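Protein chains: 2
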Amino acid sequence: MEKVITMAHGSGGRATGELISAIFAEEFNNDVLNKMEDAAAVDGSRRIAMTTDSFVVTPVEYPGGDIGRLCVCGTVNDLLSRGAIPQYLTCGFILEEGLEVVKLKRIVHSMAETAREANVTIVAGDTKVVEGKGGLYINTAGVGFFTDAGEVSAEGAKPGDSILVSGTLGEHHATILGHRMNIENDIKSDNAPLNDIVESLLKSDVEVHVLRDVTRGGLATVLKELAKASGNTFVVEDEKIPVSPQVRDFCGLLGLDPYYMGNEGKIVCIVKKEDEAKALEIMKNAKYGEDASVIGHVEASKPNEEGSLYSMTSIGGMRNMDILQGEGLPRIC
Amino acid sequence: MEKVITMAHGSGGRATGELISAIFAEEFNNDVLNKMEDAAAVDGSRRIAMTTDSFVVTPVEYPGGDIGRLCVCGTVNDLLSRGAIPQYLTCGFILEEGLEVVKLKRIVHSMAETAREANVTIVAGDTKVVEGKGGLYINTAGVGFFTDAGEVSAEGAKPGDSILVSGTLGEHHATILGHRMNIENDIKSDNAPLNDIVESLLKSDVEVHVLRDVTRGGLATVLKELAKASGNTFVVEDEKIPVSPQVRDFCGLLGLDPYYMGNEGKIVCIVKKEDEAKALEIMKNAKYGEDASVIGHVEASKPNEEGSLYSMTSIGGMRNMDILQGEGLPRIC
Numbered sequence: 001m002e003k004v005i006t007m008a009h010g011s012g013g014r015a016t017g018e019l020i021s022a023i024f025a026e027e028f029n030n031d032v033l034n035k036m037e038d039a040a041a042v043d044g045s046r047r048i049a050m051t052t053d054s055f056v057v058t059p060v061e062y063p064g065g066d067i068g069r070l071c072v073c074g075t076v077n078d079l080l081s082r083g084a085i086p087q088y089l090t091c092g093f094i095l096e097e098g099l100e101v102v103k104l105k106r107i108v109h110s111m112a113e114t115a116r117e118a119n120v121t122i123v124a125g126d127t128k129v130v131e132g133k134g135g136l137y138i139n140t141a142g143v144g145f146f147t148d149a150g151e152v153s154a155e156g157a158k159p160g161d162s163i164l165v166s167g168t169l170g171e172h173h174a175t176i177l178g179h180r181m182n183i184e185n186d187i188k189s190d191n192a193p194l195n196d197i198v199e200s201l202l203k204s205d206v207e208v209h210v211l212r213d214v215t216r217g218g219l220a221t222v223l224k225e226l227a228k229a230s231g232n233t234f235v236v237e238d239e240k241i242p243v244s245p246q247v248r249d250f251c252g253l254l255g256l257d258p259y260y261m262g263n264e265g266k267i268v269c270i271v272k273k274e275d276e277a278k279a280l281e282i283m284k285n286a287k288y289g290e291d292a293s294v295i296g297h298v299e300a301s302k303p304n305e306e307g308s309l310y311s312m313t314s315i316g317g318m319r320n321m322d323i324l325q326g327e328g329l330p331r332i333c
Numbered sequence: 001m002e003k004v005i006t007m008a009h010g011s012g013g014r015a016t017g018e019l020i021s022a023i024f025a026e027e028f029n030n031d032v033l034n035k036m037e038d039a040a041a042v043d044g045s046r047r048i049a050m051t052t053d054s055f056v057v058t059p060v061e062y063p064g065g066d067i068g069r070l071c072v073c074g075t076v077n078d079l080l081s082r083g084a085i086p087q088y089l090t091c092g093f094i095l096e097e098g099l100e101v102v103k104l105k106r107i108v109h110s111m112a113e114t115a116r117e118a119n120v121t122i123v124a125g126d127t128k129v130v131e132g133k134g135g136l137y138i139n140t141a142g143v144g145f146f147t148d149a150g151e152v153s154a155e156g157a158k159p160g161d162s163i164l165v166s167g168t169l170g171e172h173h174a175t176i177l178g179h180r181m182n183i184e185n186d187i188k189s190d191n192a193p194l195n196d197i198v199e200s201l202l203k204s205d206v207e208v209h210v211l212r213d214v215t216r217g218g219l220a221t222v223l224k225e226l227a228k229a230s231g232n233t234f235v236v237e238d239e240k241i242p243v244s245p246q247v248r249d250f251c252g253l254l255g256l257d258p259y260y261m262g263n264e265g266k267i268v269c270i271v272k273k274e275d276e277a278k279a280l281e282i283m284k285n286a287k288y289g290e291d292a293s294v295i296g297h298v299e300a301s302k303p304n305e306e307g308s309l310y311s312m313t314s315i316g317g318m319r320n321m322d323i324l325q326g327e328g329l330p331r332i333c
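Residue numbers (the numbering used here), protein chains in the order written: chain X, 1 to 333; chain D, 1 to 333.
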């Protein structure tokens, strides 16, 4: 086929067919998708979780990953955040005219590899072409199935609970921003599917109250939302927040706060205090969880302080934190 | 909130929250979505169908509909084409900076109305903002459940079967093209959810072999694909193809072929010959099916002619038809 995408590839006719055979069919090869029906038929025998996410990151390829890996990880991690095991994905591609076909091939390959790593099947897809500058957007929607461990939801945090995070913060944000600003460093995106961490926790006897992946808006935004959902107060300690030396330097240089930096392979886990040590050990032994840390705890709120988030500074001060204001970093995911 | 969308509305922080409350929350109001979790939990007790579609139509508002109505109809009709009853939708919005908020509100309202008409619940959503010219793209993914009538698939056509189409062809294509070319006429898009037609057929004792909605690529592309999938030959009669006088005039003026014009509310139905009259009556009595017609039949293919599509002209000639070549009309859906 041609070397760049043209409007004809969005026609629904022969050129679209060629695009699908040349780029998508082999990479996403599976019995359900190969039928090329209008909708995929899959087994569904218990309560299901559904989610969707559009990915508009720029650049579409960056150190440590690309938009293909990112879109699978994002959707898989959203399902895992409900305690559901991801199983089926759909993907909708919006391609800008002029997109290089070799680049699209790399991205689709990366997507297929990540889907295999995350143990999900891509069962339906769609392709559209629009005018533009040769970029692309990908939407993924996912279906997962709940396990016997039941559903996990945002409001589950209870006073006394321990708050853990699965690893160092800010890599994805620093990677994208550094790339855009032409800052040389060796920071790589953390984009990763977190199946192993979550499935290991759910299989164990740890009493998991909340799971939530940390993406746009960063750790503080996620914790504040979870505090509000539960009506309790969250207290985290600055010194316990895992940040790599490289990201710490990067933040220092640019005046950024790791609490508000975006991630694409990190999850917050809130467990019963008694299970804290066991949860930490499980997370550390799971893939992508080696830098997991206990970062704080949940308290009953004082009157009129429901849903507060405080960070304790290294000298013992308390900072009342809110969700991200303004735009953060646009098009990070 | 502001009158136009800015990059801050894609931050995942406060501005995104405002956008969601001001625009989406009220329109899509339901218990599942209101929880604002990373993934929606829904009931799933039998085999499910999944599909996805991105919508990039321009203009985003046109006579008879808009991208909001279109995206619900497209996804619902894809599920119905498998014989599955649509139940849950997810939606991913990619908004271009500068989009007018009042326009977004109209579109979201139209989407909510169409979802109610099609009896589907929007259970998960996502919003991103990109640079651009104030337009928007919407991706919808859908889950439907199969009925006791079983699954309907593309390869089901058998020699002898009758081919029906649910109504007049080309309205959506003519609407979009006419609007872009500033041609004044009273053609309106046919964008519609086809639940009533399909559910009525599936509830009846008509032996339905194939259902397929007719979108990009037009009737000929769909029939050729279905002929190939079944390995049989399809023969349709030009004189039986329903086309409104307005669309016929429009096509005559511009040299367009209604066989290749896009639709967004039409479905092909292939049934056992004996059930032809009953199927036609059911379709005619269903919402959006009043102009349904029997347009042709399925034959066993001669050797080396498997998957052929012929149209019989009014003077008895036979035209061997292929799927759409080239680009048709870009960004029609």
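We put the CB at the ideal spot given by N, CA and C, even for glycine.
Bear in mind that the values here come from a model prediction, so they are computed numbers and not experimental data.
> From V130/X to I94/X, what does the alpha carbon distance come to, in whole angstroms?
Replying inline: 7 angstroms
> In the DSSP assignment, what residue or residues form a beta bridge with I122/X?
Replying inline: L89/X
>> Taking the beta carbon of L329/X as the centre, do at least 16 other beta carbons fall within 10 Å, making it buried, or is it exposed?
In response: The residue in question, L329/X, is buried, as its Cβ has 16 or more Cβ neighbours within 10 Å.
> Name the chain D residues whose beta carbon is nearer than 7 angstroms to that of K128/X?
Replying inline: Going along chain D in sequence order, the residues near K128/X (Cβ under 7 angstroms) are S54 and V56.
> Applying a beta-carbon distance threshold of less than 7 angstroms, which residues of chain D neighbour N180/X?
Replying inline: This sequence places Arg at residue 180/X; Asn is not what is there. Those do not exist, as R180/X stays about 13 angstroms from chain D at its closest Cβ, beyond 7 angstroms.
> From this set, G10/X, V101/X and G65/X, which residue's C-alpha is nearest V4/X's C-alpha?
Replying inline: V101/X
> In the DSSP assignment, what residue or residues form a beta bridge with D368/X?
Replying inline: With chain X running from 1 to 333 in the structure shown, residue 368/X is simply not present.
> Thinking just about the alpha-carbon of each residue, which of V56/D, G64/D, K266/D and I67/D is nearest to the one in S293/D?
Replying inline: K266/D
> Along chain D, which residues have their Cβ under 8 angstroms away from the Cβ of G98/X?
Replying inline: The contacting residues do not exist; G98/X stays about 14 angstroms from chain D at best.
>> Contact criterion: CB-CB distance below 8 angstroms. Does V198/X meet it with respect to chain D?
In response: Interface with chain D (8 angstroms Cβ-Cβ cutoff): V198/X is excluded.
>> In whole angstroms, give me the CA-to-CA distance for E207/D and E274/D.
In response: 9 angstroms
> Taking the alpha-carbon positions, what's the I127/X to T75/D distance?
Replying inline: Before going on, a small fix: residue 127/X reads as Thr here, not Ile. In a straight line, the C-alpha of T127/X is about 14 angstroms away from that of T75/D.
> Helix or strand or just coil, what does DSSP make of N320/X?
Replying inline: Of the three classes helix, strand and coil, the one that applies to N320/X here is strand, per DSSP.
> N191/X CB to nearest chain C CB: under 8 angstroms?
Replying inline: Of the chains in the structure shown, none is chain C; the protein chains are X and D.
> In its own chain, which residues sit with a C-beta less than 6 angstroms from the C-beta of A174/X, not counting the 5 before and 5 after it?
Replying inline: I187, V247 and F250, listed in sequence order.
>> What ranges does the beta strand (DSSP E) occupy inside the segment 276–304 of chain X, keeping only unbroken runs of at least 3 residues that lie completely in it?
In response: Taking only runs of at least 3 residues, the beta strand (DSSP E) segments lying wholly in the segment 276–304 of chain X are 293–299.
>> Please list the terminal residues of the continuous alpha helix (DSSP H) segment that includes F250/D.
In response: In this chain, the alpha helix (DSSP H) harbouring F250/D covers P245 to L254.
> Mapping DSSP to helix, strand and coil, what is G147/D?
Replying inline: The sequence as given places Thr at residue 147/D; Gly does not occur at that position. Looking at T147/D - three-state DSSP - the assignment turns out to be coil, as it is neither helix nor strand.
> Where does D161/D land, buried or exposed, given buried means 16+ other C-beta within 10 angstroms?
Replying inline: buried
> If you measure from the beta carbon of P330/D to each beta carbon in chain X, is any gap under 8 angstroms?
Replying inline: yes
> Nearest CA to the CA of R47/X: which residue from F145/X, V57/X, T6/X and N119/X?
Replying inline: F145/X
> Does the count of Cβ pairs from the segment 11–25 of chain X and the segment 48–61 of chain D closer than 8 angstroms reach three?
Replying inline: With a cut-off of 8 angstroms, the segment 48–61 of chain D and the segment 11–25 of chain X do not count as touching, because too few Cβ pairs lie within range.
> DSSP puts V165/X in a beta bridge; with which residues?
Replying inline: V268/X and S293/X
>> Buried or exposed, going by whether 16 or more other CB atoms sit within 10 Å of the CB of N139/X?
In response: buried
> Just reading off the alpha helix (DSSP H) that T233/X is part of, what are its end residues?
Replying inline: No alpha helix (DSSP H) holds T233/X; the beta strand (DSSP E) holding it covers T233 to E237.
>> What would DSSP say about I67/X, mapped onto helix, strand or coil?
In response: Note: I67/X maps to helix in three-state DSSP.
>> When you compare the segment 282–290 of chain D with the segment 217–224 of chain D, are there three or more beta-carbon pairs, one atom per stretch, that lie closer than 8 angstroms?
In response: no
> Going by other Cβ atoms of all chains shown within 10 Å of its Cβ, with 16 needed for buried, is K224/X buried or exposed?
Replying inline: buried
> Shorter than 8 angstroms from the beta carbon of G150/X to some beta carbon of chain D?
Replying inline: So, not an interface residue.
> Can you list, in chain order, the residues of its chain whose CB lies under 8 angstroms from that of E61/D, leaving out five sequence neighbours each side?
Replying inline: I67, K103, R106 and I107
>> As a quick exercise: from V165/D, G170/D, I85/D and S311/D, pick the residue whose alpha carbon is nearest that of E50/D.
In response: At residue 50/D the sequence reads Met, which differs from the Glu that was named. Considering only alpha carbons, the answer is I85/D.
> Tell me, which residues are paired with L309/X by DSSP?
Replying inline: F234/X and M321/X
> Any Cβ of chain X within less than 8 angstroms of the Cβ of T221/D?
Replying inline: yes
> Beta carbon of A141/X, beta carbon of G83/X: below 8 angstroms?
Replying inline: no
>> Assuming L202/D is part of the alpha helix (DSSP H), what are its boundary residues?
In response: N195 to K203
> Counting only beta-carbon atoms, is Q87/X nearer than 8 angstroms to chain D?
Replying inline: no
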